[in-house]
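In the numbering used here, the protein residues as written are 120 to 197. For every residue, glycine included, the Cβ atom is placed at its ideal position computed from N, Cα and C.
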């Protein structure tokens with residue numbers, strides 16, 4: 120039911136052609152999202168994270184494009 124509602128919302132918003140930036144929080148311990156994720160309706164998902172500073176003894180930031188519809192994006196790691 121929730122999936123259908125979010126998909127209908129996507130169809131309605133697509134007519135207006137807006138730029139929407141949403142955020143989703145993941146649990147540090149399990150790596151899963153809190154609550155219902157709406158990744159299935161997103162055209163693009165960019166995942167950003169930072170290593171544990173105390174364990175790595177330095178600040179390390181990472182980013183990866185997990186999903187990007189209708190684009191020819193760079194698919195290799197940097």
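- Within the DSSP bridge table, the entry for residue 192 names no partner.
- The criterion of a C-beta distance shorter than 7 Å is satisfied by residue 162 and residue 188.
- Taking residue 158 as the centre and dropping the five residues before and after it, the same chain places the C-beta of 164 closer than 7 Å to its C-beta, in chain order.
- In terms of Cβ geometry, residue 169 and residue 180 form a close pair [threshold 7 Å].
- The alpha carbon of residue 185 has as its nearest neighbour, out of 178, 177, 195, the alpha carbon of 195.
- Note that the C-beta distance between residue 160 and residue 138 is not below 7 Å.
- Bridge partners of residue 180 according to DSSP: 169.
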